[in-house]
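Report on the following structure.
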Amino acid sequence: MDVDAARGRALVEESREAVVVLDAFDRVVLASRRARQSVEDLQEGEPLPPDLLTGERGVIPLVVPYEADGHRERLVYLSRQGDLAAYEELRSGFTAAVSHELRTPLARLLTLLETATLPGEDVVELVERAAAEVDLITELIDEVLFLSELESGARVVALGAEPVRPVLEDTLEELQERAVRAGVELRLECDPAVELTIRPRMLRVVAQNLAENAIRYAGPGSTFTLTVETDPDGSVLLSASDDGIGVDQAELGRLFERFFRADRARASRGTGLGLAIVKHVVTQAGGTLEAAGGRGRGLEIRCRFPPR
Ligand SMILES: Nc1ncnc2c1ncn2[C@@H]1O[C@H](COP(=O)(O)OP(=O)(O)O)[C@@H](O)[C@H]1O
Ligand SMILES: [Mg+2]
1478 MDVDAARGRA
1488 LVEESREAVV
1498 VLDAFDRVVL
1508 ASRRARQSVE
1518 DLQEGEPLPP
1528 DLLTGERGVI
1538 PLVVPYEADG
1548 HRERLVYLSR
1558 QGDLAAYEEL
1568 RSGFTAAVSH
1578 ELRTPLARLL
1588 TLLETATLPG
1598 EDVVELVERA
1608 AAEVDLITEL
1618 IDEVLFLSEL
1628 ESGARVVALG
1638 AEPVRPVLED
1648 TLEELQERAV
1658 RAGVELRLEC
1668 DPAVELTIRP
1678 RMLRVVAQNL
1688 AENAIRYAGP
1698 GSTFTLTVET
1708 DPDGSVLLSA
1718 SDDGIGVDQA
1728 ELGRLFERFF
1738 RADRARASRG
1748 TGLGLAIVKH
1758 VVTQAGGTLE
1768 AAGGRGRGLE
1778 IRCRFPPR
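When the letters of the sequence shown are read in order and numbered with this note's numbering, they come out as residues 1478 to 1785.
Given below as structure tokens:
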């Protein structure tokens, strides 16, 4: 097989869509893994079941004809009704939401800059506030890029077991200065022997988001504790808890939604994407999460990873 053919084969095989390549006689030349999984009677070398092309099985075929080396072939996407449409909708909804979220800090930035040109204004203070808006915009863009990296299949799972403690130690160390300024104490309780098959960079993202939240929201005088325990069944529980102001119990279930921010009136800056990212990483590593706590009773985010 030449390079192009091998590349084409790999592209189809690994496609996230249910997609097949048909020859001029409607025989299946190639099928993606997804297609083989979702269509029972699909076989390479055999004709494509005709009712798949007529939409009778609730499949909406999208046909792309092309010619390769003088052979006429067709690429057929066998999406279920709603599959692609729902995905597209999610994507365009997300794009709209991102644009909307960007508009707010940009508008504030513009106002600050305009004010700075007026006589008698405290330019230094205005510039500092403008810089904070730029920081927020940068954070939003970084998080959106990271999420899209995750969605396009960035590896979360490590090839082998990775020690957990050094990553968590580093992460908290880096945040120490900010924590002191916010009056929040950071603690780590983790046996050095604990390992997880999750890439250190990804574990760092999880720990960083959870600790940063406590620094931002828990309030001065509170303590944030990152605890890692191994259960008798071998599953690993990573818990991030603080004894700060918490969120309303009714809001606990929504914390992992994109752009969700509890109590917007609170004078704080953030994107609402941090916990969505945490959820993405933890579930992609095979884990589950839950949030517990209540208003005035702190917040605890528990992530459980199954035994290896
Ligand atoms: N430790 C915490 N204590 C109180 N509220 C929190 C805590 N962590 C998260 N929250 C609430 O959950 C919301 C979502 O958090 P997150 O997804 O990290 O977004 P962001 O921090 O950018 O606002 C925050 O806006 C805040 O209202
Ligand atoms: Mg956050």
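Every residue gets a Cβ at the ideal spot worked out from N, C-alpha and C, and that includes glycine.
- With contacts defined as CB atoms closer than 8 Å, Arg1735 and Gly1751 fail to qualify as a contacting pair.
- Judged by pairs of C-beta atoms under 8 Å, the stretch 1549-1556 touches the stretch 1481-1501, as three or more such pairs exist.
- When secondary structure is reduced to three states using DSSP, Ala1727 falls in the helix class.
- Secondary-structure assignment with DSSP links Tyr1554 through a beta bridge to Val1496 and Leu1539.
- As summarised for the stretch 1608-1667, the continuous beta strand (DSSP E) elements at least 3 residues long and confined to that stretch are 1634-1640 and 1662-1667, given in chain order.
- With a cut-off of 7 Å, the C-beta of Gly1721 is classified as near ligand 1, since at least one heavy atom of the ligand falls inside that distance.
- Between the stretch 1690-1707 and the stretch 1762-1774 there are fewer than three C-beta pairs closer than 8 Å, too few to call the two in contact.
- Excluding its 5 nearest sequence neighbours in each direction, Met1679 has C-beta neighbours in its own chain below 6 Å: Val1633 and Val1758, listed in chain order.
- Nearest neighbour of Leu1776 by Cα position, chosen from Glu1654, Pro1524, Glu1689 and Val1541, turns out to be Glu1689.
- DSSP links Glu1767 through a beta bridge to Arg1779.
- Relative to the Cα of Leu1499, the nearest Cα in the group Asp1481, Pro1538 and Leu1595 belongs to Pro1538.
- Judged by beta-carbon spacing, Glu1550 lies beyond the 8 Å limit of Val1480, meaning their Cβ atoms are not closer than that value.
- One alpha carbon belongs to Ala1584, the other to Phe1571, and they sit about 20 Å apart.
- Taking a contact as a CB-CB distance under 8 Å, the pair Thr1707 and Val1657 does not count as one, their CB atoms being some 31 Å apart.
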